[in-house]
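S.K.: Structure provided below as structure tokens; questions to follow.
Numbering (our numbering), first residue to last: 3 to 216.
Take a look at the structure:
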């Protein structure tokens, strides 16, 4: 494990530190738990040094909020997987902004301007910013976020840098089909949504593959 400072609210922007995973505050309401379980299997296959190196390379970006807690602004699935798996209690985090002396309104304004927060529940409905869960363990399971992840792995659309890309695709799929959240139902839904990905109606979504339109 790397020799780094423990997380504290006085860290400046750009500082890498070790944070207790249970201390992390989400900046979204839901996850796709199929991806979380995939991450768990991925991490379980690693040796402790391999896992440590992976987590260091794929650190979690955080913003220090006025309540002095680290709010995760990306890679919630990895963080939740580490919390669930129980192999270690800490993760590597890098401070993107320290807002401990800001008002809550200023903090949330920054989070929204930077697209670092996604206040929508498992059904795609908006929630109040202060209603975002305080713990990773409280994150809801959005089956359409899982579906969007599965479709991405299957090549239905391309990975992009647009924040919350899979949620955007998940909401598109939510409008066009329902499916049984079983292994068979999930695989069938992937096959059906691969056709939806080729529709011109999806052309506004990030990662849309333009030469696949039908």
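By construction, the Cβ of each residue, glycine as well, lies at the ideal position given by its N, Cα and C atoms. Predicted model, so just to flag it, every value in this text is computed and none were measured.
(1) Measure the Cβ-Cβ separation of residue 142 and residue 123 and say whether it is below 9 Å.
(2) DSSP three-state label for residue 213, please.
(3) Leaving out the 5 sequence neighbours to the left and right, which residues in its chain are closer than 7 Å to residue 215 when beta-carbon positions are compared?
(4) May I ask you to verify whether the segment 113–127 touches the segment 22–41, counting CB pairs closer than 8 Å and requiring at least 3?
(5) How big is the Cα-Cα spacing for residue 112 and residue 48?
(6) Look at residue 238 and residue 171 and say whether their C-beta atoms are less than 9 Å apart.
(7) At the level of alpha carbons, what is the spacing between residue 219 and residue 51?
(8) As an exercise, report each continuous alpha helix (DSSP H) stretch of at least 4 residues that is fully enclosed by the segment 54–110, in chain order.
(9) Return helix, strand or coil for residue 128, following the three-state DSSP convention.
(10) Quick check for students: name the residue ranges of the alpha helix (DSSP H) that lie wholly in the segment 136–193, counting only runs of 4 or more.
(11) Whole angstroms are fine: how far does the CA of residue 27 sit from the CA of residue 114?
(12) Any idea if residue 148 is buried or exposed, counting beta-carbon neighbours within 10 angstroms, 16 or more meaning buried?
(13) Whose C-beta lies closer than 7 Å to the C-beta of residue 164 among residues of the same chain, with five residues either side of it excluded?
(14) Specify the secondary structure class of residue 33 as computed by DSSP and reduced to three states.
(15) For my contact list, residue 21 and residue 93 are in at a C-beta cut-off of 8 Å; report their separation, rounded to the angstrom.
(16) Can you grab the Cα-Cα spacing for the pair residue 81 / residue 178, in whole Å?
(17) Among 119, 39, 129, 96, which one has its Cα closest to the Cα of residue 185?
(18) Just to confirm my understanding: we take residue 176, look at its own chain, exclude 5 residues before and 5 after, and list those with CB closer than 7 Å. What are they?
(19) Pull up the DSSP beta-bridge partners for residue 15, would you.
M.R.: So, to answer that:
(1) In the chain shown, residue 142 corresponds to position 140, counting from 1. In the chain shown, residue 123 corresponds to position 121, counting from 1. With a cutoff of 9 Å on beta-carbon distance, residue 142 and residue 123 are scored as near each other.
(2) The residue labelled residue 213 in the question sits at position 211 within the chain shown. Helix.
(3) Residue 215 sits at position 213 when you count from the first residue of the chain shown. At residue 215 the pLDDT is 47, less than 50, meaning the model places this residue with poor confidence; the figure from the coordinates comes in the next sentence. Excluding positions up to five away in sequence, the list reads 200, 202, 205.
(4) yes
(5) The residue labelled residue 112 in the question sits at position 110 within the chain shown. The residue labelled residue 48 in the question sits at position 46 within the chain shown. Rounded to the nearest angstrom, the two C-alpha atoms are 37 Å apart.
(6) No answer is possible for residue 238: it lies beyond the span of the chain, which begins at 3 and ends at 216.
(7) Examination of residue 219 is not possible in this model, given that the chain is present from 3 through 216 alone.
(8) 78–87
(9) Within the chain shown, numbered from 1, the residue matching residue 128 stands at position 126. DSSP places residue 128 in strand when its eight states are reduced to three.
(10) 145–155, 167–178
(11) Working through the chain shown from its first residue, we reach residue 114 at position 112. Working through the chain shown from its first residue, we reach residue 27 at position 25. A direct Cα-to-Cα measurement between residue 114 and residue 27 gives close to 16 Å.
(12) Along the chain shown, read from residue 1 onward, the residue named residue 148 stands at position 146. Flag for residue 148 reads buried.
(13) To locate residue 164, count along the chain shown from 1; it is residue 162. 208.
(14) Along the chain shown, one-based indexing puts residue 33 at 31. Residue state, collapsed to three classes: strand.
(15) In the chain shown, counting from the first residue as 1, residue 21 sits at position 19. In the chain shown, counting from the first residue as 1, residue 93 sits at position 91. The Cβ separation is near 6 Å, so the contact holds.
(16) Walking along the chain shown from the start, residue 81 turns up at place 79. Walking along the chain shown from the start, residue 178 turns up at place 176. Roughly 30 Å separates the two Cα atoms.
(17) For this step, residue 185 is matched to residue 183 along the chain shown. Checking every option, the nearest Cα to that of residue 185 belongs to 39.
(18) In the chain shown, the residue the question calls residue 176 occupies position 174. If we look at residue 176 and ignore the five residues flanking it on each side, its Cβ neighbours are 126, 146.
(19) Along the chain shown, one-based indexing puts residue 15 at 13. Bridge partners of residue 15 according to DSSP: none are assigned.
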